[in-house]
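Engineer: Numbering (the working numbering), first residue to last: 13 to 144.
Pasting a structure here, questions to come.
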Amino acid sequence: MGTTKPERVGLLKVGRYIVIDDEPCKIIAYSTSSPGKHGAAKARIDARGIFDNQKRSIIKPVDAKVPIPIIDKASAMVTAIMGDTVQIMDMNSYEYFDININDDIEGDLQEGVQVEYMETLGRMKILRVKGS
């Protein structure tokens, strides 16, 4: 589902991204346990969904591989606001997109302002209003 790349669990850090249950998430806590008598060290990863804001946790051996979402960030200009949806135009490709307005957008969203948005796993989200 979408574009991901494998990464070793032992190389992950707080603030990076991971895919848990087909949902791209940002890592908010990372801890490891020492190796036991019969096994390898394990890592516990707590993460929050980028799009649904739900907390998820996984426990994996540090040498296991997990999917990491490939995230594209870009600039766009708001061309129209229609209720809970905003239409933006990418500043490089001049493509138009309709994106749902999320509650955690920083700054005042209005027509004509520039925004930074992200795209991953076929979904988009406005991160912030530029210049605020």
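Ideal placement from N, C-alpha and C gives every residue a C-beta, glycine not left out.
Give the range of the beta strand (DSSP E) segment to which G61 is assigned.
Structural biologist: To locate residue 61, count along the sequence shown from 1; it is residue 49. Going by DSSP, G61 is part of the beta strand (DSSP E) stretching over K54 to G61.
Engineer: Decide yes or no for the touch test of the region 55-68 against the region 84-95: beta carbon pairs closer than 8 Å, at least 3 of them.
Structural biologist: no
Engineer: For A86, which option in M103, E123, D33 and A52 has the closest C-alpha, if you only look at C-alpha atoms?
Structural biologist: Numbered from 1 along the sequence shown, position 74 holds the residue referred to as residue 86. If we check each option's Cα against that of A86, M103 comes out closest.
Engineer: Beta strand (DSSP E) containing I83: first to last residue?
Structural biologist: For the purposes of this step, residue 83 is taken as the residue at position 71 of the sequence shown. Neither: I83 is in no beta strand (DSSP E) and is coded neither H nor E.
Engineer: Identify which residue in I111, A55, G48 and P73 has its Cα closest to the Cα of G134.
Structural biologist: Translated into positions along the sequence shown, residue 134 becomes position 122. By alpha-carbon distance to G134, the top candidate from I111, A55, G48 and P73 is I111.
Engineer: Taking buried to mean at least 16 other C-beta atoms within 10 Å of its own C-beta, is P36 buried or exposed?
Structural biologist: As a working mapping, residue 36 is identified with position 24 in the sequence shown. Answer is buried; the Cβ neighbour count reaches 16.
Engineer: Just reading off the beta strand (DSSP E) that P36 is part of, what are its end residues?
Structural biologist: As a position in the sequence shown, residue 36 is number 24, starting the count at 1. In the DSSP assignment, P36 falls within the beta strand (DSSP E) that extends over E35 to S45.
Engineer: Expressed to the nearest angstrom, what Euclidean distance is found between the alpha-carbon atoms of A52 and A76?
Structural biologist: The sequence position of residue 52 within the sequence shown is 40, counting from 1. The sequence position of residue 76 within the sequence shown is 64, counting from 1. Looking at the two C-alpha atoms, the distance is approximately 10 Å.
Engineer: Count the other CB atoms within 10 Å of the CB of T15; is the residue buried (16 or more) or exposed (fewer)?
Structural biologist: As a working note, residue 15 is residue 3 in the sequence shown. Burial call: exposed.
Engineer: Can you list, in chain order, the residues of its chain with a C-beta nearer than 6 Å to that of T132? Leave out the 5 residues immediately preceding and following it.
Structural biologist: One-based indexing of the sequence shown puts residue 132 at position 120. The residues are P36, P81 and I83.
Engineer: How many Å lie between Y29 and G124 at the Cα?
Structural biologist: To locate residue 29, count along the sequence shown from 1; it is residue 17. To locate residue 124, count along the sequence shown from 1; it is residue 112. Y29 and G124 have their C-alpha atoms spaced approximately 31 Å apart.
Engineer: What are the start and end residues of the beta strand (DSSP E) that includes R135?
Structural biologist: As a first step, residue 135 must be located in the sequence shown, where it is residue number 123. Secondary structure note for R135: its beta strand (DSSP E) is the uninterrupted segment R135 to V141.
Engineer: Are K17 and Y42 touching if we call contact CB-CB under 8 Å?
Structural biologist: Here residue 17 is taken as the residue at index 5 of the sequence shown, counted from 1. Here residue 42 is taken as the residue at index 30 of the sequence shown, counted from 1. Contact: no.
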